[in-house]
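Quick notes on the structure that follows.
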Amino acid sequence: MKRPDIRLGLRLQIALLGMGGVLLLGLVYMIGLSRQEALQEKPDAGARLRSAIVAIHGDLGSARQVETEFLLKRRESLIGKRETLVARIAEQLKQVEQAVAELPADAPLKRAEAIRAGLNLYMTRFQNVAAAQRTLGLTEKDGVQGSLREAVHAVEKRLFSFDEPRLSVLMLMMRRHEKDFILRGEDKYVDELRDRVREFKPALTASALSQEVKTELGTLIGSYEARFMAYAAGASTLKEEADDLASIFGRLDPLVAEVETAVEQEDAAMQAEIAATRSHTTLAMWAIIAATVLCAGALSL
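So for the sequence shown, the numbering used here puts the first residue at 20; every next one is plus one.
Okay, structure coming up:
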(Lines of atoms letter the chains of each structure in order from A and count residues from 1; the text may use other names and numbers.)
(Lines give C-alpha, C1' and ligand atoms only; values in the text may rest on other atoms or scores of the structure.)
Protein backbone atom coordinates (compact mmCIF):
# COMPACT_ATOMS: atom_id res chain seq x y z
CA MET A 1 0.00 0.00 0.00
CA LYS A 2 2.95 2.37 0.52
CA ARG A 3 4.66 1.70 -2.85
CA PRO A 4 2.59 4.36 -4.72
CA ASP A 5 3.69 6.95 -2.16
CA ILE A 6 7.32 5.98 -2.70
CA ARG A 7 6.93 6.25 -6.48
CA LEU A 8 5.23 9.63 -6.07
CA GLY A 9 8.07 10.88 -3.85
CA LEU A 10 10.67 9.69 -6.35
CA ARG A 11 8.92 11.40 -9.22
CA LEU A 12 8.74 14.60 -7.22
CA GLN A 13 12.46 14.44 -6.46
CA ILE A 14 13.29 13.84 -10.12
CA ALA A 15 10.97 16.67 -11.15
CA LEU A 16 12.55 19.00 -8.62
CA LEU A 17 16.00 17.91 -9.79
CA GLY A 18 15.02 18.61 -13.39
CA MET A 19 13.60 22.01 -12.51
CA GLY A 20 16.73 22.84 -10.54
CA GLY A 21 18.89 21.75 -13.45
CA VAL A 22 16.91 23.91 -15.87
CA LEU A 23 17.10 26.90 -13.53
CA LEU A 24 20.83 26.37 -13.08
CA LEU A 25 21.27 26.06 -16.84
CA GLY A 26 19.38 29.31 -17.29
CA LEU A 27 21.47 31.03 -14.63
CA VAL A 28 24.75 29.87 -16.18
CA TYR A 29 23.53 30.90 -19.63
CA MET A 30 22.50 34.36 -18.44
CA ILE A 31 25.79 34.89 -16.61
CA GLY A 32 27.72 33.79 -19.68
CA LEU A 33 25.60 35.96 -21.97
CA SER A 34 26.04 38.98 -19.72
CA ARG A 35 29.78 38.43 -19.66
CA GLN A 36 29.94 38.10 -23.45
CA GLU A 37 27.87 41.25 -23.95
CA ALA A 38 30.16 43.17 -21.61
CA LEU A 39 33.20 41.89 -23.47
CA GLN A 40 31.60 42.59 -26.85
CA GLU A 41 31.44 46.31 -26.07
CA LYS A 42 35.24 46.43 -26.22
CA PRO A 43 35.54 44.74 -29.65
CA ASP A 44 32.81 47.03 -30.99
CA ALA A 45 34.76 50.06 -29.79
CA GLY A 46 37.93 48.41 -31.03
CA ALA A 47 36.40 47.91 -34.48
CA ARG A 48 35.59 51.61 -34.67
CA LEU A 49 39.10 52.46 -33.51
CA ARG A 50 40.63 50.07 -36.04
CA SER A 51 38.50 51.53 -38.82
CA ALA A 52 39.68 55.04 -37.92
CA ILE A 53 43.38 54.17 -37.71
CA VAL A 54 43.26 52.16 -40.96
CA ALA A 55 41.62 55.15 -42.66
CA ILE A 56 44.31 57.45 -41.23
CA HIS A 57 47.07 55.20 -42.49
CA GLY A 58 45.50 54.98 -45.94
CA ASP A 59 44.98 58.74 -46.23
CA LEU A 60 48.52 59.37 -45.02
CA GLY A 61 49.88 57.22 -47.82
CA SER A 62 47.64 59.00 -50.32
CA ALA A 63 48.84 62.39 -49.06
CA ARG A 64 52.43 61.32 -49.64
CA GLN A 65 51.60 60.24 -53.19
CA VAL A 66 49.99 63.62 -53.87
CA GLU A 67 53.08 65.41 -52.51
CA THR A 68 55.32 63.44 -54.83
CA GLU A 69 53.03 64.20 -57.76
CA PHE A 70 53.00 67.90 -56.83
CA LEU A 71 56.79 68.11 -56.81
CA LEU A 72 56.87 66.47 -60.25
CA LYS A 73 53.93 68.19 -61.95
CA ARG A 74 53.63 71.38 -59.85
CA ARG A 75 49.86 71.68 -60.21
CA GLU A 76 48.03 74.05 -57.86
CA SER A 77 45.04 71.68 -57.66
CA LEU A 78 47.21 69.05 -55.99
CA ILE A 79 47.79 71.37 -53.03
CA GLY A 80 44.04 71.46 -52.35
CA LYS A 81 43.76 67.71 -52.82
CA ARG A 82 46.50 67.12 -50.28
CA GLU A 83 44.94 69.57 -47.80
CA THR A 84 41.63 67.69 -48.04
CA LEU A 85 43.35 64.40 -47.21
CA VAL A 86 45.25 65.83 -44.24
CA ALA A 87 42.13 67.56 -42.89
CA ARG A 88 40.33 64.21 -43.01
CA ILE A 89 43.23 62.59 -41.15
CA ALA A 90 43.03 65.27 -38.46
CA GLU A 91 39.29 64.67 -38.05
CA GLN A 92 39.67 60.88 -37.85
CA LEU A 93 42.47 61.31 -35.34
CA LYS A 94 40.04 62.96 -32.90
CA GLN A 95 38.12 59.67 -32.69
CA VAL A 96 41.34 57.76 -32.02
CA GLU A 97 42.44 60.23 -29.34
CA GLN A 98 39.08 59.97 -27.58
CA ALA A 99 39.28 56.18 -27.62
CA VAL A 100 42.71 56.03 -25.98
CA ALA A 101 42.31 58.99 -23.60
CA GLU A 102 41.40 56.86 -20.56
CA LEU A 103 43.95 54.10 -21.14
CA PRO A 104 46.93 53.63 -18.80
CA ALA A 105 50.04 55.58 -19.73
CA ASP A 106 51.96 52.38 -20.54
CA ALA A 107 49.26 50.96 -22.83
CA PRO A 108 50.56 50.36 -26.39
CA LEU A 109 47.59 52.25 -27.83
CA LYS A 110 48.70 55.37 -25.94
CA ARG A 111 51.26 55.83 -28.70
CA ALA A 112 48.36 57.20 -30.76
CA GLU A 113 48.57 60.43 -28.77
CA ALA A 114 51.95 61.16 -30.39
CA ILE A 115 50.43 61.21 -33.88
CA ARG A 116 48.92 64.69 -33.52
CA ALA A 117 52.27 66.46 -33.03
CA GLY A 118 53.78 64.66 -36.01
CA LEU A 119 50.74 65.42 -38.16
CA ASN A 120 50.86 69.14 -37.30
CA LEU A 121 54.53 69.27 -38.24
CA TYR A 122 53.78 67.35 -41.43
CA MET A 123 51.06 69.85 -42.38
CA THR A 124 53.30 72.86 -41.70
CA ARG A 125 56.23 71.47 -43.64
CA PHE A 126 54.14 70.84 -46.75
CA GLN A 127 52.88 74.42 -46.57
CA ASN A 128 56.54 75.46 -46.66
CA VAL A 129 57.13 73.19 -49.66
CA ALA A 130 54.14 74.64 -51.50
CA ALA A 131 55.23 78.21 -50.71
CA ALA A 132 58.78 77.50 -51.91
CA GLN A 133 57.45 75.98 -55.13
CA ARG A 134 55.13 78.94 -55.75
CA THR A 135 58.05 81.32 -55.25
CA LEU A 136 60.15 79.30 -57.65
CA GLY A 137 57.26 79.03 -60.09
CA LEU A 138 54.55 76.47 -60.75
CA THR A 139 55.33 76.79 -64.47
CA GLU A 140 58.36 78.04 -66.36
CA LYS A 141 56.56 81.35 -66.85
CA ASP A 142 55.82 81.95 -63.15
CA GLY A 143 57.81 83.17 -60.19
CA VAL A 144 61.59 83.22 -60.14
CA GLN A 145 61.76 80.74 -63.01
CA GLY A 146 59.65 83.07 -65.13
CA SER A 147 61.99 85.97 -64.35
CA LEU A 148 64.98 83.81 -65.27
CA ARG A 149 63.32 82.85 -68.54
CA GLU A 150 62.70 86.49 -69.41
CA ALA A 151 66.31 87.42 -68.59
CA VAL A 152 67.85 84.67 -70.70
CA HIS A 153 65.59 85.41 -73.66
CA ALA A 154 66.53 89.08 -73.49
CA VAL A 155 70.28 88.43 -73.50
CA GLU A 156 70.04 85.75 -76.22
CA LYS A 157 67.93 87.93 -78.48
CA ARG A 158 70.41 90.79 -78.24
CA LEU A 159 73.61 88.73 -78.35
CA PHE A 160 72.66 86.46 -81.23
CA SER A 161 71.93 89.46 -83.43
CA PHE A 162 75.71 89.96 -83.66
CA ASP A 163 78.35 87.73 -85.21
CA GLU A 164 80.36 87.01 -82.07
CA PRO A 165 81.09 83.23 -81.99
CA ARG A 166 83.10 83.30 -78.75
CA LEU A 167 80.37 85.13 -76.85
CA SER A 168 77.66 82.93 -78.39
CA VAL A 169 79.50 79.75 -77.36
CA LEU A 170 79.85 81.01 -73.78
CA MET A 171 76.14 81.89 -73.73
CA LEU A 172 75.20 78.43 -74.97
CA MET A 173 77.39 76.87 -72.28
CA MET A 174 75.65 78.98 -69.63
CA ARG A 175 72.29 77.74 -70.88
CA ARG A 176 73.51 74.15 -70.72
CA HIS A 177 74.67 74.61 -67.11
CA GLU A 178 71.35 76.28 -66.29
CA LYS A 179 69.34 73.39 -67.73
CA ASP A 180 71.57 70.81 -66.05
CA PHE A 181 70.98 72.50 -62.71
CA ILE A 182 67.21 72.67 -63.24
CA LEU A 183 67.20 68.98 -64.19
CA ARG A 184 69.63 67.61 -61.60
CA GLY A 185 69.85 70.29 -58.90
CA GLU A 186 73.59 69.80 -58.36
CA ASP A 187 75.55 72.79 -57.04
CA LYS A 188 78.45 72.17 -59.40
CA TYR A 189 76.36 73.53 -62.26
CA VAL A 190 75.92 76.81 -60.38
CA ASP A 191 79.69 77.13 -60.08
CA GLU A 192 80.17 76.26 -63.74
CA LEU A 193 77.66 78.87 -64.89
CA ARG A 194 79.34 81.55 -62.80
CA ASP A 195 82.69 80.52 -64.28
CA ARG A 196 81.25 81.05 -67.77
CA VAL A 197 79.97 84.48 -66.71
CA ARG A 198 83.46 85.39 -65.51
CA GLU A 199 84.85 84.25 -68.86
CA PHE A 200 82.16 86.15 -70.73
CA LYS A 201 83.04 89.55 -69.27
CA PRO A 202 86.63 89.82 -70.60
CA ALA A 203 85.53 88.23 -73.88
CA LEU A 204 82.87 90.91 -74.18
CA THR A 205 85.44 93.63 -73.49
CA ALA A 206 87.74 92.20 -76.18
CA SER A 207 84.98 91.95 -78.78
CA ALA A 208 84.55 94.35 -81.71
CA LEU A 209 81.15 95.49 -80.46
CA SER A 210 80.49 99.13 -79.69
CA GLN A 211 80.85 100.32 -76.12
CA GLU A 212 77.12 100.96 -75.94
CA VAL A 213 76.34 97.38 -76.95
CA LYS A 214 78.99 96.03 -74.59
CA THR A 215 77.41 97.93 -71.71
CA GLU A 216 73.96 96.68 -72.67
CA LEU A 217 75.08 93.06 -72.95
CA GLY A 218 77.03 93.33 -69.70
CA THR A 219 73.88 94.54 -67.95
CA LEU A 220 71.78 91.76 -69.49
CA ILE A 221 74.31 89.07 -68.51
CA GLY A 222 74.45 90.49 -64.98
CA SER A 223 70.66 90.34 -64.76
CA TYR A 224 70.66 86.78 -66.08
CA GLU A 225 73.28 85.69 -63.54
CA ALA A 226 71.41 87.37 -60.66
CA ARG A 227 68.13 85.74 -61.60
CA PHE A 228 69.79 82.37 -62.03
CA MET A 229 71.33 82.69 -58.56
CA ALA A 230 67.89 83.58 -57.18
CA TYR A 231 66.49 80.49 -58.88
CA ALA A 232 69.30 78.33 -57.49
CA ALA A 233 68.66 79.66 -53.98
CA GLY A 234 64.93 78.99 -54.33
CA ALA A 235 65.56 75.49 -55.67
CA SER A 236 67.89 74.79 -52.75
CA THR A 237 65.23 75.96 -50.28
CA LEU A 238 62.61 73.79 -51.97
CA LYS A 239 64.89 70.75 -51.83
CA GLU A 240 65.60 71.28 -48.13
CA GLU A 241 61.90 71.64 -47.34
CA ALA A 242 61.01 68.61 -49.47
CA ASP A 243 63.74 66.51 -47.83
CA ASP A 244 62.52 67.58 -44.40
CA LEU A 245 58.95 66.71 -45.40
CA ALA A 246 60.08 63.23 -46.45
CA SER A 247 61.91 62.83 -43.14
CA ILE A 248 58.81 63.80 -41.16
CA PHE A 249 56.71 61.32 -43.14
CA GLY A 250 59.39 58.71 -42.50
CA ARG A 251 58.79 59.11 -38.76
CA LEU A 252 55.02 59.59 -38.85
CA ASP A 253 54.08 56.65 -41.08
CA PRO A 254 55.78 53.98 -38.89
CA LEU A 255 54.13 55.51 -35.81
CA VAL A 256 50.68 55.16 -37.38
CA ALA A 257 51.56 51.61 -38.47
CA GLU A 258 52.66 50.81 -34.90
CA VAL A 259 49.32 52.01 -33.51
CA GLU A 260 47.45 50.07 -36.19
CA THR A 261 49.30 46.90 -35.17
CA ALA A 262 48.51 47.56 -31.50
CA VAL A 263 44.81 47.96 -32.36
CA GLU A 264 44.82 44.67 -34.26
CA GLN A 265 46.53 42.88 -31.37
CA GLU A 266 44.04 44.35 -28.89
CA ASP A 267 41.14 43.25 -31.08
CA ALA A 268 42.57 39.73 -31.42
CA ALA A 269 42.98 39.48 -27.63
CA MET A 270 39.36 40.58 -27.08
CA GLN A 271 38.05 38.08 -29.63
CA ALA A 272 40.05 35.33 -27.95
CA GLU A 273 38.61 36.28 -24.55
CA ILE A 274 35.06 36.25 -25.94
CA ALA A 275 35.65 32.84 -27.50
CA ALA A 276 37.05 31.53 -24.20
CA THR A 277 34.04 32.87 -22.27
CA ARG A 278 31.66 31.27 -24.76
CA SER A 279 33.53 27.97 -24.48
CA HIS A 280 33.49 28.05 -20.67
CA THR A 281 29.76 28.77 -20.64
CA THR A 282 29.08 25.87 -23.00
CA LEU A 283 31.19 23.48 -20.92
CA ALA A 284 29.44 24.57 -17.72
CA MET A 285 26.03 23.97 -19.30
CA TRP A 286 27.01 20.51 -20.51
CA ALA A 287 28.37 19.73 -17.05
CA ILE A 288 25.05 20.73 -15.46
CA ILE A 289 23.12 18.61 -17.95
CA ALA A 290 25.38 15.62 -17.30
CA ALA A 291 25.12 16.04 -13.53
CA THR A 292 21.33 16.35 -13.72
CA VAL A 293 21.04 13.19 -15.83
CA LEU A 294 23.35 11.25 -13.52
CA CYS A 295 21.46 12.36 -10.42
CA ALA A 296 18.14 11.51 -12.00
CA GLY A 297 19.50 8.10 -12.94
CA ALA A 298 20.77 7.53 -9.42
CA LEU A 299 17.41 8.43 -7.91
CA SER A 300 15.56 6.06 -10.22
CA LEU A 301 17.61 3.05 -9.08
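Even glycine gets a Cβ: it sits at the ideal position worked out from N, Cα and C.
When rounded, the separation of the alpha-carbon atoms in residue 98 and residue 181 is 45 Å. Using a Cβ distance threshold of 9 Å, residue 228 and residue 240 do not count as a contacting pair. Collapsing the DSSP output to three states places residue 122 in coil.
The three-state reading of DSSP puts residue 285 in helix, counting H, G and I together. A direct Cα-Cα distance of roughly 9 Å separates residue 243 from residue 173. Leaving aside the five residues that flank residue 251 on each side, the residues in its chain whose CB is nearer than 6 Å to its CB run, in chain order, 209. At a cut-off of 4 residues, the continuous stretches assigned as alpha helix (DSSP H) that sit fully inside the stretch 132-172 are 134-155. Of 280, 275, 66 and 132, the smallest CA-CA separation from residue 79 is found for 275. Looking from the CA of residue 102, the closest CA among 83, 117 and 114 belongs to 83. Between the C-alpha atoms of residue 125 and residue 86 there is a straight-line separation of about 35 Å. Between residue 266 and the set 128, 132 and 138, the nearest pair of CA atoms involves 138. With respect to residue 149, residue 253 sits apart: the two C-beta atoms are not nearer than 9 Å.
Residue 141 is not a Cβ neighbour of residue 257, given a cutoff of 9 Å. Between residue 134 and residue 105, the CB-CB gap reaches or exceeds 9 Å. Residue 202 is classed as exposed because its beta carbon has fewer than 16 other beta carbons within 10 Å across all chains shown.
Counting C-beta atoms within 10 angstroms of its own C-beta, residue 170 has 16 or more neighbours from the protein chains shown and is therefore classed as buried. Distance from the CA atom of residue 279 to the CA atom of residue 155, rounded to whole angstroms, is 38 Å.
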